[in-house]
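Participant:
Number of protein chains: 2
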Amino acid sequence: MEYLYYLYPIRTYLIVAGTPDKPNPMTADWVVPLSRKPPLLGVAIAHKRYTKKLIDEQKDFVVAVPTMELLKDVWIAGTVSGAKEDKKELMSVTFVKSKSVKAPSIRECAANLECKVVQDVVTGDHTFYVGEIVNLSYGDAFKDKPDISNFRFILHVGGRDFTNTGNEIFRP
Amino acid sequence: MEYLYYLYPIRTYLIVAGTPDKPNPMTADWVVPLSRKPPLLGVAIAHKRYTKKLIDEQKDFVVAVPTMELLKDVWIAGTVSGAKEDKKELMSVTFVKSKSVKAPSIRECAANLECKVVQDVVTGDHTFYVGEIVNLSYGDAFKDKPDISNFRFILHVGGRDFTNTGNEIFRP
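Listed below in structure tokens is the structure:
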């Protein structure tokens, strides 16, 4: 097993690049919070990915937060290349205009974090994009905290195996 | 709710800096895989943290992977400052010599990823350390993939709330 899989299972998100007319969603496990003030997050994208080309051109992207209902779409977004096929036609989700970036949001996702690229760093076989979160939209899965009792967020175990977040709270 | 918490719940790890004699473990949610070849991971650490000082001096650290049995230790490591108190005395875990870095590993953790710092980048109020994984030790929680049926990995929901990874596999 590769070294990195000892950090798994980890959360799976969708990175949306492009525009509402020509969206390109990609599945990404390698997403991380980086800073509170300013609010920054990072995402590592393989050099060969079509999404990388789009982000380099447009300098923005959206991190969309899927729940288990979207697992099939997550799989499609992670295995089909947007350079060869129009993922929008294959997926069941709705791409909608974001408020502060050109890249679209996904209506069916629990949250959409709109990011402008402020830095990019080559880290081995990936480029690590630092995005400033400039706007956010979200639904019932979030109130004063993520609602794990009623919503099941996706975790990637490895390969085609996924699981979900538990629904019990533990307090140390 | 702060923007970054819309990415939660996310996995929680322990970052171990220092030496086997003077270990300093810190709880960290902001850990991410970055590259397969070479195997790189990243961790964002607040500028004010004592762990940052130790990593800057020694240029290595260990990412230790706790399971739910260690939740109390994870809480201690995340809330006590190693600059003021000796966390080793407060926690129930055993710090052992790592193979390829000076920073120690934790015997009771499911895996220990030994990292040498290859890059550091200031990202807002945190420093993002890129570590090359130079050695690994692990137990029964990993075979050809993480064993979620028998082991419960820790997810941080926010504040004092934690949950665990599910134990059911879903294949899209």
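From first to last, the protein sequence lines are chains A and B.
41 is the number of the first residue of the first sequence in our numbering; add one for each residue after it.
41 is the number of the first residue of the second sequence in our numbering; add one for each residue after it.
No residue lacks a Cβ here, since even glycine has one placed at the ideal position from N, Cα and C.
These figures come from a predicted structure and were not determined experimentally.
(1) Name the residues in the region 165-180 of chain B whose C-beta lies less than 8 Å from a C-beta of chain A; which are they?
(2) Between which two residues does the alpha helix (DSSP H) harbouring residue 90 of chain A extend?
(3) Residue 61 of chain B touches chain A at which residues, Cβ-Cβ below 9 Å?
(4) Would you check if there are 3 or more beta carbon pairs closer than 8 Å linking the region 82-97 of chain A to the region 53-72 of chain A?
(5) Cα-Cα, which of A:101, A:81 and A:107 is closest to residue 55 of chain A?
(6) Using CA atoms only, rank isn't needed, just tell me which of B:93, B:199 and B:133 is closest to residue 60 of chain B.
(7) Taking only beta-carbon positions, decide if residue 77 of chain B is within less than 8 Å of chain A.
(8) With C-beta atoms as the reference, is residue 111 of chain A less than 8 Å away from residue 193 of chain B?
(9) Go ahead and pull the three-state DSSP assignment for residue 118 of chain A.
(10) CB residue 44 of chain B to CB residue 76 of chain A, shorter than 8 Å?
(11) I'd like to confirm the pairing. Which residues does DSSP put opposite residue 101 of chain B in its beta bridges?
(12) Need the endpoints of the alpha helix (DSSP H) that residue 129 of chain B sits in, please.
(13) Quick one: grab the DSSP three-state call for residue 108 of chain A.
(14) Going by alpha carbons, who is nearest to residue 171 of chain A out of A:207, A:64, A:96 and A:46?
(15) To the nearest angstrom, report how far apart residue 187 of chain A and residue 181 of chain A are at their CA atoms.
(16) In the region 68-98 of chain A, which residues sit with their C-beta less than 8 Å from some C-beta in chain B, listed in chain order?
(17) List the residues of chain A whose Cβ lies closer than 7 Å to the Cβ of residue 111 of chain B, in chain order.
(18) Let me see if you follow: with CB-CB separation under 8 Å, is residue 191 of chain A close to chain B or not?
(19) Tell me, please, which residues DSSP counts as bridged to residue 196 of chain B.
(20) Mind checking whether residue 105 of chain B and residue 53 of chain B have CB atoms under 8 Å apart?
(21) Is there a Cβ from chain A that is less than 8 Å from the Cβ of residue 58 of chain B?
(22) So that I know if they touch, is there some Cβ in chain B lying closer than 8 Å to that of residue 148 of chain A?
(23) Mark residue 286 of chain B as exposed unless 16 or more other C-beta atoms lie within 10 angstroms of its C-beta, in which case mark it buried.
(24) Just how far apart, CA to CA, sit residue 63 of chain A and residue 183 of chain A?
(25) Leaving aside the five residues before and after residue 155 of chain B along the sequence, list all residues of the same chain whose C-beta is less than 6 Å from its C-beta, in chain order.
(26) To which residues of the same chain is residue 114 of chain B closer than 7 Å at the C-beta, ignoring the five residues directly before and after it?
Facilitator: Straight from the coordinates:
(1) 165, 166, 168, 170, 173, 176 and 178
(2) 90-98
(3) Ordered by position in chain A, no residue passes the 9 Å Cβ test against residue 61 of chain B, which lies about 26 Å from the chain.
(4) yes
(5) A:101
(6) B:133
(7) yes
(8) no
(9) helix
(10) yes
(11) B:155
(12) 127-130
(13) helix
(14) A:96
(15) 5 Å
(16) 69, 70, 71, 72, 73, 74, 75, 76, 77, 78, 79, 80, 81, 82 and 84
(17) 210 and 212
(18) no
(19) B:50 and B:202
(20) yes
(21) no
(22) no
(23) The structure shown does not extend to residue 286 of chain B, since chain B spans only 41 to 212, so no value can be given for it.
(24) 28 Å
(25) 101, 171 and 173
(26) 52, 54, 67, 106 and 194
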